[in-house]
Amino acid sequence: MMKRNKLLISIFIIGLFLLIVFPKAEAALSFKVTPNYIPIHFFYNGKDFEISGHTDYPADYIIVIKDKSEKLVLRRKGKVKGLFWMNVGEIAFEPVPIVYMVFSNKPIDKILNKEEQKKYAIGYNALFYGIKIEGVPENEREKWTREFIKFKEHLNLYRQKFNSIKVKNGKDGSDFVLKAYWPFQAPPDNYKVTVYAVKDGQIVESNTNIIKVQKVGLLKKITELAFKRPALYGIIAIVIAIMAGIGVGMIFGGKGSSKH
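In this note's numbering, the protein residues as written are 2 to 261.
Here you go:
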């Protein structure tokens, strides 16, 4: 009996210790992406999407959307003999995502400290902090990083928008919503969506989801044909180009041909 009581007391003390050292965690961050599947078809021109969620406590929020990071190589242009613009070399960035989007309810520097930004690669500065750049001298690293970001933003593949997440705090916690546009330039892939809840300059919770972008229908079949039967794909591409030319001619051919 004595041994049993000692065992129960020991279990009680251990349980009390765990409650003190590891207090109950706040409610999990939850969110959804609408839609989380974007089909690419012949008339596809991008898509509006929404990310909305909730926590049981007030917080700031950062949303990061990206695909897998890999080595990206860009051709560098320059003047040859001071006359002609030509490819004069290559610049390689590794590893970087093809698509990278960051949204927040406030400027990132005001809600998240620099160490956390670097740890989670949040924001342009943090993303390129550990990036290896080949093909340019070290003293031009910052210049070409800016050029790379500018190039990606021009293609709508990189985006950094502060004050874009709407937050509503109440007695039951905090609700947030982001409404944005998915660019048609983003290639088919599974994109990782990560929502970070931020308090006192640090990330206290995060959760992830997926946006699936996929070619469908005839466009998918034609793409598959390009890999499996490239010769036939080439013939079909020529036929489509000819038909498109005929269509344009029928629409605009009558203009300016009337006799006086």
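Note that beta-carbon positions come from the ideal geometry of N, C-alpha and C, so glycine has one too. Predicted model, so just to flag it, every value in this text is computed and none were measured.
Handout entry: Distance, Leu73 Cα to Leu179 Cα
Key = One-based indexing of the sequence shown puts residue 179 at position 178. One-based indexing of the sequence shown puts residue 73 at position 72. The straight-line gap from Cα to Cα measures roughly 29 Å.
Exercise for the section: Please go through the segment 119-204 and give each complete alpha helix (DSSP H) segment of 4 or more residues, from N-terminal end onward. Expected result: Those alpha helix (DSSP H) runs which fall completely within the segment 119-204 and span 4+ residues are 125-128, 142-155.
Problem - Where Lys107 falls: helix, strand or coil (DSSP) - result: Reading the sequence shown from its first residue, position 106 is the one you call residue 107. Lys107 carries a coil assignment under DSSP once its states are collapsed to helix, strand and coil.
Problem - Span of the beta strand (DSSP E) around Asp49 - result: The count along the sequence shown starts at 1 and reaches residue 49 at position 48. Residues 48-56.
Problem - Alpha-carbon spacing of Asn157 relative to Gly47, whole angstroms - result: Within the sequence shown, the letter at position 156 stands for residue 157. Within the sequence shown, the letter at position 46 stands for residue 47. Rounded to the nearest angstrom, the two C-alpha atoms are 11 Å apart.
Problem - Strand pairing of Glu71, partner residues [DSSP] - result: Residue 71 sits at position 70 when you count from the first residue of the sequence shown. Answer is Val97.
Practice task
Check the DSSP bridge columns for Tyr62 and list the partner residues they point to.
Solution key: The residue given as residue 62 occupies position 61 in the sequence shown. DSSP lists Ala198 as partners of Tyr62.
Practice task
Quick one: grab the DSSP three-state call for Leu113.
Solution key: Start at 1 with the first residue of the sequence shown, and residue 113 comes out as number 112. DSSP places Leu113 within a strand segment (E or B) once states are collapsed to three.
Problem - Stretch pair the segment 93-104 + the segment 173-188: three plus CB contacts closer than 8 Å - result: In the pairwise beta carbon analysis, the segment 93-104 is classified as touching the segment 173-188: at least three pairs are separated by under 8 Å.
Problem - Identified DSSP bridge partners for Phe32 - result: Residue numbering aside, residue 32 sits at position 31 when the sequence shown is read from its first letter. For Phe32, the pairing in a beta bridge is given by DSSP as Gly54.
Handout entry: Buried versus exposed, by CB contacts within 10 Å (16 or more), Pro24
Key = Position 23 of the sequence shown holds residue 24. Residue placement at Pro24 is flagged as unreliable, the pLDDT there being 45, under the threshold of 50; the coordinate-derived value follows with that caveat. Counting the other Cβ atoms within 10 Å of the Cβ of Pro24 gives fewer than 16, which makes it exposed.
Practice task
Use the C-beta contact count for Leu128: other C-beta atoms within 10 angstroms, 16 or more gives buried, fewer gives exposed.
Solution key: Indexing the sequence shown from 1 puts residue 128 at position 127. Result: buried.
Problem - Glu91 beta carbon less than 7 Å from that of Gly136 - result: Start at 1 with the first residue of the sequence shown, and residue 136 comes out as number 135. Start at 1 with the first residue of the sequence shown, and residue 91 comes out as number 90. Their beta carbons are under 7 Å apart, which means Gly136 touches Glu91 by this criterion.
Handout entry: Nearest-angstrom beta carbon gap, Val34 and Ile212 [assumed within contact, 8 Å]
Key = Against the sequence shown, residue 212 aligns to sequence position 211. Against the sequence shown, residue 34 aligns to sequence position 33. 6 Å between Cβ atoms; contact.
Practice task
Specify, as a first and last residue, the run of the beta strand (DSSP E) that Tyr38 falls within.
Solution key: Indexing the sequence shown from 1 puts residue 38 at position 37. For Tyr38, the uninterrupted beta strand (DSSP E) segment begins and ends at 38-41.
Handout entry: Inter-residue spacing [alpha-carbon to alpha-carbon] between Lys200 and Asp61
Key = For the purposes of this step, residue 200 is taken as residue 199 along the sequence shown, with counting starting at 1. For the purposes of this step, residue 61 is taken as residue 60 along the sequence shown, with counting starting at 1. In this structure, the straight-line span from the alpha carbon of Lys200 to that of Asp61 is close to 7 Å.
Problem - Bridge partner(s) assigned by DSSP for Gly218 - result: Taking the sequence shown and counting its residues from 1, one reaches residue 218 at position 217. When DSSP reads this structure, Gly218 sits in no beta bridge, so it has no partner.
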